[in-house]
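Residue numbers (full-length UniProt numbering), protein chains in the order written: chain A, 1 to 592; chain B, 1 to 114.
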Amino acid sequence: MSAFRVLIVESEAGEAAELSGLIHSWEYTGASGYISPAVIDSVTSAEMALQAYGESPPNLVIFGPTSAVEVASSQIRQLRQSSGIEPVPILFVQDLSCGEPAAPPTDCDDILTKPYSPSLVQLKLASIRRFCEFSRSLMAQRDRLRRHHADFLQEQANAREIFSNLGNESCLDGSPAIRYHLSPRAVLNGDLLAATYTPDGKLVLMLGDFAGHGLAAAVGAVPLTSIFYSMMPRGFSMGRVLREINRKLYDILPRQMFCCLAMLELDPRRMHLRLLNAGMPSPCLKRASGELHLLESRHLPFGVLATDQIDSAIVNLRVLPGDRLYLWSDGIHEARNGKGEHFGESRLMDLLRADCGGNQAFDQILMAVNAHAAEQHDDLSLVELELTDSSLCRSDLPAADHNGERKGGRIGNWSIELRLAHEELRTADPLPHILSVLAQMPGAARFQEDLAITLGELFRNALEHGVLELDSSIKSTDDGFIRYYDLLAERRSRLDRGWVNIVLSCTESEEGGQLNLVVEDSGSGIQEIREPKGVYAGRGLALLQTVCSEVHLVPGSSRVEAIIRWPAAKPTAQEDPCGSPANAVQNPSVPV
Amino acid sequence: MVVSDRFESRVTSEISENGDAVIIRVAGNFDFNMHREFQRAYRNVAPPPKMFLVDLSATDHLDSAALGMLLLLRDYCVEVGREGFQPEVELMNVNAHVSHILSVSNFDRIFSIR
């Protein structure tokens, strides 16, 4: 323990010596039983006292009877200002032996009266000293807390950097059609936003909200994003990836933790949106017409149960030109004002409704929430997606651009056949298997997206129309569109016969290469031309036409052949898959 | 220490009239701050009852941490069930706001609500 320093300020040497002797005889026993004498410094004026403050700061200052009368208020103020954060009590000695007692001085904290009563002086000194020790220990605790807090913030900042790097793979900043705002309440965000493209050019985006805040919540983001960013670009279906996420979170999260999640898959070419909402506030689809559709949660949050009903909880929506989708976390709903009122869904809906045709809603929502909430109680996230913006339709896939030096790589002559029987067809997803074979071939990057689109279309066609005998014309109305996908999920889960056969063969010569994809199914074959196509169906073929060099279909047969060609030498620019179809197609008006 | 009384919450528990159930009542904001009290309310019952009834009649708001606590209670019952009879969990007297929260999170599928 450091010494207790007493500073005596007295111009009369005799008075100073008397005070000094009085204090010297005082023995103080600290809380630990340790006896420590006080250190006494003696100066003769307030100026010198000020100087002493700088050299060896005292714990207590006593103005002797002469100096106490002489000292000016301003000097006392100066002393107090230079004493730092720990209070240094100032005592005045008041001489009561000569004449009338003056009014007690107000500048000091306490007085000692003369003639001195040694026991009273010692009582006073001991009590002051105890308070000084108390305040010193408080300061020490405060400093320790500050250090811990600084360390803690540093750790969080490190963790934050790791988590922000997790998002490096995201394509959120790649398109003006995606606007987002993430505002964590603390350093780490319990909300999580991720987006990427599938190999066949679909945008997948997820907004998640872990129960809780801070580190524990953010830690859950690691497996979630790593599953998302590793499986999605490999072509695994949304259902499969979601199932994997639920299983993983169930395995690793403590029982009281879970993750609310909304994931969407937008196929910008087929104008098709699929969305799963597991416990998030309902995303809102704003049609160009001004209609608002809330997409309610149809699934338990992830990590609650080992089992899931993902397939029946995914909703399918036809996207129309000008549609926008808004997603938010409950931090927006539950933003509280001074009276504890939540911002609520109805205020959100009003803002969305009021914004007719414009694109102000995003900023208006943020402004309104900020204006409403007295302080931020939760992580707060908002996402706006312009569903039919052409920038979402990518023609420059990373697979094609960062493998520049491999473009000339040989692909070779080979073929593979994949046959899926009914049990596999209930759940199987042929795309990742086939793409994983191609991933071994350096040159394959150039047609990977085209192949993924083509294979996706042909497989879906074979499964839905061939094996499951679903009629596209059901999709001609908005309700029918939803019924179609309900029927699909139901028939698929009960499938007890049928097959789909996929043959992929590649030939390559000096002139160029060609990939033949033949898909056949157990169905009765494609019927004659159907009339007329509604807005909700029949986009598949148009899409194939833009991607493939040739598409062969024969009415009455279930065999469809698609050919993708590429030139040998320097790869020329591929057609923009969103652009107009320019290639030969044999039988253009059959809906696929 | 000053405690804001606006969001004051508390957990009380009692044995039902027929003695079969423990009724746990959460008043005010059912959130993370309740977790110790809530846990104490069901863990300190020996022997475990046939049923835990969570009375939400005085609950103003329920957050995700509260949902997590309900999951913990459910888990506790499974744990107890390994050594004998497994207690059931039911939620009761759910107001409109709380009911909305339960249905948004689809917790109404895994908890019976009376």
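Ideal Cβ placement from N, Cα and C applies to all residues, glycine included. Computed from a predicted model, the values in this text were never measured in an experiment.
Annotation for Gln-51 (chain A): no beta strand (DSSP E) segment contains it, though the alpha helix (DSSP H) segment containing it runs 46–55. The residue among A:Met-349, A:Tyr-485, A:Arg-565, A:Asp-478 with its C-alpha nearest the C-alpha of Asp-450 (chain A) is A:Arg-565.
Where Thr-427 (chain A) is concerned, there is no enclosing beta strand (DSSP E), although the alpha helix (DSSP H) around it starts and stops at 422–427. Residues of the stretch 281–304 of chain A with a C-beta less than 8 Å from any C-beta of chain B: Pro-281, Ser-282, Glu-296, Ser-297, Arg-298, His-299, Leu-300, Pro-301, Val-304, listed in chain order. Going by C-alpha positions, Ile-24 (chain B) is about 29 Å away from Asp-251 (chain A). Proximity of chain B to Phe-258 (chain A) at the Cβ level (cut-off 8 Å) is accounted for by Ser-64, Leu-67, Gly-68, Leu-71, in chain order. At a cut-off of 8 Å between beta carbons, Val-104 (chain B) contacts chain A. For Gly-279 (chain A), the chain B residues whose C-beta falls within less than 8 Å of its own C-beta are Val-104, Ser-105, Asn-106, listed in chain order. Exposed is the label assigned to Arg-419 (chain A), since fewer than 16 other Cβ atoms lie within 10 Å of its Cβ. No Cβ-Cβ contact shorter than 8 Å links Lys-124 (chain A) with Leu-138 (chain A). For Ile-110 (chain B), the nearest CB of chain A lies under 8 Å from its own CB, placing it at the interface with that chain. For the C-beta of Asp-75 (chain B), the chain A residues within less than 7 Å are, from N- to C-terminus, Arg-255. Looking at A:Phe-210, A:Phe-228, A:Ile-178, the one whose alpha-carbon comes closest to that of Asp-191 (chain A) is A:Phe-210. Nearest neighbour of Ser-45 (chain A) by Cα position, chosen from A:Ala-313, A:Tyr-53, A:Ala-38, turns out to be A:Tyr-53. The beta-carbon of Ala-211 (chain A) is placed less than 8 Å from the nearest beta-carbon of chain B. Closest in C-alpha terms to Arg-234 (chain A), from the list A:His-342, A:Leu-438, A:Asp-109, A:His-149, comes A:Leu-438. Here DSSP, grouped into helix, strand and coil, assigns Asp-308 (chain A) to coil. Excluding residues up to 5 positions away in sequence, His-293, Leu-325 lie with their Cβ nearer than 6 Å to the Cβ of Leu-285 (chain A) in the same chain. Under DSSP, Ile-564 (chain A) shares a beta bridge with A:Leu-515. In the DSSP assignment, no residue is bridged to Gln-86 (chain B). Going by beta carbons, Phe-163 (chain A) and Leu-188 (chain A) fall inside the 8 Å limit.
Between Leu-7 (chain A) and Val-61 (chain A) a beta carbon distance of about 5 Å is seen, short of the 8 Å cut, so the two are scored as contacting.
In this structure, Pro-283 (chain A) places its C-beta atom within 8 Å of the C-beta atom of Ala-262 (chain A). When the Cα atoms are used, Leu-172 (chain A) and Phe-52 (chain B) turn out to be separated by approximately 46 Å. Within a 10 Å sphere around the beta-carbon of Val-78 (chain B) sit fewer than 16 other beta-carbons, which makes this residue exposed. Around Met-232 (chain A), the same chain offers Thr-196, Thr-198, Val-204, Val-241 as residues with beta carbons nearer than 7 Å, after the five sequence neighbours per side are excluded. If you ignore the 5 residues before and after Thr-225 (chain A), its C-beta comes within less than 6 Å of the C-beta of Leu-166, Ala-194, all in its own chain and listed in chain order.
A straight-line Cα-Cα distance of about 33 Å links Trp-499 (chain A) and Met-206 (chain A). Asp-60 (chain B) is positioned such that its CB atom lies closer than 8 Å to that of Gly-28 (chain B). When DSSP reads this structure, Gly-28 (chain B) sits in a beta bridge with B:Thr-59. Phe-236 (chain A) sits buried, since 16 or more C-beta atoms from the chains shown fall within 10 Å of its C-beta.
Across the set A:Ala-452, A:Ala-428, A:Glu-423, the C-alpha of A:Ala-452 shows the shortest separation from the C-alpha of Leu-435 (chain A). A residue is called buried when at least 16 other Cβ atoms come within 10 angstroms of its Cβ; Trp-328 (chain A) meets this threshold and is buried.
By the Cβ-count criterion, Ser-119 (chain A) is exposed, with fewer than 16 other Cβ atoms from all chains shown falling within 10 Å of its own Cβ.
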